[in-house]
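Residues in the sequence shown are numbered consecutively from 4, following our numbering. Using N, Cα and C, we set each Cβ at its ideal position, and we do this for glycine too. Source: prediction; values computed, not measured.
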Amino acid sequence: MDLITLTPAQKRARRGRNIALGLVLFGLVALFYVVTLVKFSNGLTH
């Protein structure tokens, strides 16, 4: 099995994509968390 060797530019690009993907996933988790908290707090007060 041959392994692919990435150039430094490709490694930087991959790292940038991974960081962007991680931030997007974290943002979605935070959004769902906030929406859930708002729904529960509205349900408890009314």
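L26 sits away from R17, with the two beta carbons spaced by 8 Å or more. Just so you know, the alpha carbons of G30 and Q13 end up roughly 26 Å apart. CA-to-CA, the gap between T39 and P11 works out to about 42 Å.
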